[in-house]
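Undergrad: For what it's worth, the working numbering labels the leading residue of the sequence shown as 13, then goes sequentially.
Ideal placement from N, C-alpha and C gives every residue a C-beta, glycine not left out.
Just so we're clear, the structure is a prediction, and the values are computed from it rather than from any experiment.
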Amino acid sequence: MNLILTPFLWFKREFIPFRTLDRYLFFDFFKTFIGTLIMLTSMIVIYKFTDVMKYLVSSKVNQSHVYLHVLYSLPSMVDQVVAPALMFSVCFVIGQFSVNKELVAMMVAGVSFIRIITPILFFGIAMWLIMTLFGQTVVIPANKKAQIEFSIMAKGSNRLIDFVYQLHIKGKKGFYYVYWIDEKENTVKGGFNYIEMTPDGFPTYTVSSQKAKFIPNPHSWVLYDAEEVRFNENLELVSRTKYAEKTYDFVEDLAYFSKPVRNPEEMNFFELADEIESRITKGIPFRNVIVQQHMAFAMPLMSFVVVTLGALAGAITKRSAGVASLGLTIAVVLLYYILNSTAKTLAENGALPIWIGMWITPVIFTYAAYFLYRRMNI
Numbered sequence: 013m014n015l016i017l018t019p020f021l022w023f024k025r026e027f028i029p030f031r032t033l034d035r036y037l038f039f040d041f042f043k044t045f046i047g048t049l050i051m052l053t054s055m056i057v058i059y060k061f062t063d064v065m066k067y068l069v070s071s072k073v074n075q076s077h078v079y080l081h082v083l084y085s086l087p088s089m090v091d092q093v094v095a096p097a098l099m100f101s102v103c104f105v106i107g108q109f110s111v112n113k114e115l116v117a118m119m120v121a122g123v124s125f126i127r128i129i130t131p132i133l134f135f136g137i138a139m140w141l142i143m144t145l146f147g148q149t150v151v152i153p154a155n156k157k158a159q160i161e162f163s164i165m166a167k168g169s170n171r172l173i174d175f176v177y178q179l180h181i182k183g184k185k186g187f188y189y190v191y192w193i194d195e196k197e198n199t200v201k202g203g204f205n206y207i208e209m210t211p212d213g214f215p216t217y218t219v220s221s222q223k224a225k226f227i228p229n230p231h232s233w234v235l236y237d238a239e240e241v242r243f244n245e246n247l248e249l250v251s252r253t254k255y256a257e258k259t260y261d262f263v264e265d266l267a268y269f270s271k272p273v274r275n276p277e278e279m280n281f282f283e284l285a286d287e288i289e290s291r292i293t294k295g296i297p298f299r300n301v302i303v304q305q306h307m308a309f310a311m312p313l314m315s316f317v318v319v320t321l322g323a324l325a326g327a328i329t330k331r332s333a334g335v336a337s338l339g340l341t342i343a344v345v346l347l348y349y350i351l352n353s354t355a356k357t358l359a360e361n362g363a364l365p366i367w368i369g370m371w372i373t374p375v376i377f378t379y380a381a382y383f384l385y386r387r388m389n390i
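(1) Counting beta carbon pairs with one atom in the stretch 122-135 and one in the stretch 51-63, are three or more of them shorter than 8 Å?
(2) Quick one: what's got a C-beta closer than 8 Å to GLU208's C-beta in the same chain, skipping five residues either side?
(3) Can you give me the Cβ contacts of ALA380 inside the same chain, cut-off strictly under 8 Å, excluding the 5 residues immediately before and after it?
(4) Could you give the residue range of the alpha helix (DSSP H) that holds PRO96?
(5) Could you check which residue in LEU235, TYR268 and ASN246 has the C-alpha nearest to that of LYS254?
(6) Name, in chain order, the residues that DSSP records as bridge partners for THR199.
(7) What distance in whole Å lies between the Cβ atoms of ILE132 and VAL102, which are believed to be in contact at a cut-off of 8 Å?
(8) Would you mind reading off the limits of the beta strand (DSSP E) that contains HIS180?
(9) List the endpoints of the continuous beta strand (DSSP E) containing ARG31.
(10) Taking just the CA atoms, how far does SER221 sit from MET311?
(11) Mind checking whether PHE316 and GLY202 have CB atoms under 7 Å apart?
(12) Name the DSSP bridge partner or partners of LYS254?
(13) Once the 5 residues before and after LEU49 are set aside, which same chain residues still bring their CB inside 8 Å of it?
(14) On the criterion of 16 or more Cβ atoms from any shown chain inside 10 Å, does ASP174 qualify as buried, or is it exposed?
(15) Check VAL219 in the structure and name its three-state DSSP category.
(16) From which residue to which residue does the alpha helix (DSSP H) around LEU313 run?
(17) Are the CB atoms of ILE376 and VAL303 nearer to each other than 7 Å?
(18) To which residues of the same chain is THR373 closer than 6 Å at the C-beta, ignoring the five residues directly before and after it?
(19) Taking C-alpha atoms, which residue in TRP233, VAL318 and PHE109 lies nearest to TRP140?
(20) Out of curiosity, what's the CA-to-CA distance linking MET307 and PHE162?
(21) Answer yes or no: do ALA238 and LYS258 have a C-beta to C-beta separation smaller than 7 Å?
(22) At what residues does the alpha helix (DSSP H) containing ILE296 begin and finish?
(23) How many Å lie between THR357 and ALA327 at the Cα?
(24) Per DSSP, what kind of secondary structure is THR44 in: helix, strand or coil?
(25) Put PHE328 into one of helix, strand or coil per three-state DSSP.
(26) According to DSSP, LEU249 sits in a beta bridge with which residue or residues?
(27) Closest to GLN75 by CA distance: which of LEU324, PHE61 and SER88 is it?
(28) Could you compute how far the alpha carbon of ASP265 sits from the alpha carbon of GLU197?
(29) Leaving out five residues before and five after GLY147 in sequence, what residues of the same chain have Cβ atoms less than 7 Å from its Cβ?
(30) Look up MET209 in the DSSP assignment and say whether it is helix, strand or coil.
(31) Select from LEU364, ASP212 and ASN205 the residue whose C-alpha is nearest the C-alpha of LEU398.
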C-alpha cells in the first residue's frame, strides 16, 4: 500500500502548493506556449482562407459555406500546431534560463535538472491525454462538418466531388457493379448489376438494368429495363426474364454505393471499429483503418516527446535562445513527421507490422531524449 501511495505523497510534498521556482519557470513557459500556439494557428488560418478564396468568387452557393469551412477546420489547425508550439516554447524558455545562467544557479542551489523541468514534463503528459481526447471529440466531428461545407462550395463551383463511377462492391448477400450515382435523384444511371450468392459461394440469380432508383420508404430498389437470370443448385440456367420495371428488396441503400470508403481521419475510435467490420463485409481493404486506430493514440504522444527533447536541448543552448529554439523546433518536428509518415505508409502497405509502424517513431525519439540526458551529465 505504501508503495502505491509513495508517488502521490511525493507529488503532494513537491507541488502542493506550487513553489516559487515552479511558478516562475512553468508560467513563463505556459505564456510562451499560448502565444506561440495563437501565432502559428493564425498563420495557418490565413493560409487556409487564401486557399479557399477562389470559392468566394466562383461558387454559386451562399458564401457563408466558405467561412464555415474555415471555422470548422480550426480545431484541426490547432491540433497540427500544438506539438511545434510546445517544442519551441520549452526549448526557448529553458534556453533563456541556460543562457542567463539561471539554470546553473538553480542546480547550484541543490535542485536537480529533472526536478526543475518536472512541472513541464507533467504538462507534456497532460497534453498527450488532452490532445487524444480533443482529437476524438472535437477535431474529428469538426473535420466532418468542414468536409460537408467544402463539398457544398466545391459543387457550387461546378467541380466533381464525391463522384462514383464504375464501382464493384460486395453486399451482404451478393456483389454489385454500378456505374454513375446521381444522389439528387437517388438513382444509379448507366448500369446496375447484381449477383446473389449462396453461403457456399454459388450464384442463385443475376440481374442487370440500365437504371435503378432507390426508394427510402419503404426500403426498396426499382430497376428499369432489367434482365433477371436464375440458376438451380447445379448452376444450370432456369430462367431468363426481362422486365420494363421491377422492385427488389436489396438490403443496401444508396449511401452504401455513393460513399463506399469513408476517410479514416474523419472517424473516432469507435467509428473506426465499425468501419473495419463494414469494409470486411464489402470486401474493401481495411489495413489503413487499423493504422488510424493506432494513430489516434500514437500521434498525440508527440506532445510529450517534443517537450522532453525541447527541455534537454534548451539546457545545452549556448547562443541566442530564440534562434536556437526555432532551428531545433523546425528540425525535430520536421524529422518526426517525416519518420512517422514513412512508417505509416510502410504499415499501411504491409511492409511493417502495424504496431511497429505506428509506435516506432515516438519510441526512437523517446530513446533519443534519454540518450541525450545521459550524455549531458546533469
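TA: Taking the definition as stated:
(1) Because the criterion of three Cβ pairs below 8 Å is not met, the stretch 51-63 and the stretch 122-135 do not touch.
(2) LYS185, GLY186, PRO215, THR216, TYR217 and THR218
(3) LEU321
(4) 76-111
(5) LEU235
(6) ASP194 and LYS225
(7) 6 Å
(8) 179-182
(9) It is not in any beta strand (DSSP E) - ARG31 carries neither H nor E in the DSSP assignment.
(10) If you take the alpha carbons of MET311 and SER221, they lie about 47 Å apart.
(11) no
(12) GLU239
(13) VAL90, VAL93, VAL94 and ALA97
(14) Here ASP174 scores only 48 on pLDDT, less than 50, and its place in the model should not be relied on; the value that follows carries that caveat. Per the 10 Å Cβ criterion, exposed.
(15) strand
(16) Neither: LEU313 is in no alpha helix (DSSP H) and is coded neither H nor E.
(17) At a Cβ-Cβ threshold of 7 Å, ILE376 and VAL303 do not count as neighbours.
(18) Cβ within range, chain order: LEU351, ASN352 and ALA355.
(19) VAL318
(20) 25 Å
(21) yes
(22) No alpha helix (DSSP H) holds ILE296; DSSP gives it neither H nor E.
(23) 35 Å
(24) helix
(25) It is Ile, not Phe, that sits at residue 328 in the sequence shown. If DSSP states are grouped into helix, strand and coil, ILE328 belongs with coil.
(26) PHE243
(27) PHE61
(28) 13 Å
(29) Taken in chain order, the residues that qualify are ASP91, ALA308 and PRO312.
(30) strand
(31) Here the chain covers residues 13 to 390 and nothing more, so residue 398 does not appear.
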